[in-house]
Amino acid sequence: MIKSEMIPYEEIKKHLSRQEPIAIVTCNNCARLCGVGGREKAEALEEKLTKDGYKVVSISDMLVGCNFEYYKDAKVNPNAASILILSCPVCARVVEQIYEGKKVVKCADAVGAFIFSPSKNRFKVEETFAGHEEKKGSEYTLLTGEALKDRKI
Amino acid sequence: MIICARTKSYDDIKDWLQEDDKIILMTCNICVKGCGIGGRRLMDRLAKKLDKNEFNVIHSEVVGFACNKDLLEERRNHSSTREIFAQGTVIIPLACGEGIHNIVHTFPEKRIFEGIIGLGVGSVSAKEGPKLILPFESTLTEKLELPFEGIKLKELAVKLGLQTGGF
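Residue numbers (the working numbering), protein chains in the order written: chain A, 1 to 153; chain V, 1001 to 1167.
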């Protein structure tokens, strides 16, 4: 499983225009578990964007965002000019290849790989990408990504 | 998906095993399956090979996600699997690096064969199979001249001197 962390909302907005229709693609696998993706997070982002005057025209919640096959019935609104990726950067690369010509905006950066325990409601980063080495061994709450001070896994 | 490759061969497993080992095979059913290294079919094939070479495989187990610690602890403690897991002296996991770490933590008293590594994150498609896009090791991006759409696992393995497919 891959831990991603959200890019600040203000940074994401810099890539968007209030005049263009926006689609959101989100992943229900790693990204949902680590608190970045999933239907609820996509709807929360849609609500925030709508309040700020942006026009969200579709939300596609993928079972797995890094698998090309699942996009066959993704129902991304064809009128969307920009696609926001509420998932890891690999999902963004996949979407860029499938929806050529659309602006793809990644909303999260990849931190590392994690193991998890639903009974303890937490996950632990076991492997990191460059620049995130200090997070190795850190634990977080499942589905929210809230950093925890103690170690239980 | 974590993109995995083998660092060891079937002969390495044979060399590592001891004659009286009671072997448990365990496979994850997600990333390693997508990478063509694990899953039920390849685990069963490995069991047959070991059996032919007169090693003692006492149990084979599919775990949905080897990175889910609860699923491993359930195998260790559940009444239907507790006894067989207590008997095993070694575990041969077909899992990514994180899955193998998890197995090592959950079964600290057993010897665990570590023959698979996770190289980073990538995509998968029916047409091109698994591809590495974002390596854990940052120097790989330059070393592999990693294209935007990623590099096919087979090509990657050749470049890094690793192996693909089942044991």
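The beta-carbon is built from N, C-alpha and C at its ideal position, and this holds for glycine as well.
Asked                                                                                                           : Found
Given V:N1102 as reference, the closest of A:K106, A:K13, A:F116, A:I22 once Cα atoms are compared              : A:F116
Closest Cα partner of V:D1012 within the set V:K1052, V:E1054, V:F1113                                          : V:F1113
Short CB-CB distance (under 8 Å) between V:L1153 and chain A                                                    : no
Nearest-angstrom Cβ-Cβ length linking A:C158 and A:I2, presumed shorter than 8 Å                                : Because residue 158 of chain A is not part of the residues shown, which for chain A are 1 to 153, the question remains open.
Against chain A: residues of the region 1050-1062 of chain V by CB proximity under 9 Å                          : none
Length of the line joining the Cα atoms of V:E1054 and V:L1046                                                  : 12 Å
Cβ contact (3+ pairs, closer than 8 Å) linking the region 90-106 of chain A and the region 1138-1157 of chain V : yes
Exposure of A:S119, with buried meaning 16 or more beta-carbon neighbours within 10 Å                           : exposed
V:A1126 at chain A interface by Cβ criterion, 8 Å                                                               : yes
Three-state secondary structure (DSSP) of V:D1020                                                               : coil
Cβ pair count under 8 Å reaching 3, the region 70-87 of chain A against the region 22-38 of chain A             : yes
CB of V:C1067 within 8 Å of CB of V:V1032, strictly                                                             : no
Pairwise C-alpha distance: A:D73 and V:F1107                                                                    : 41 Å
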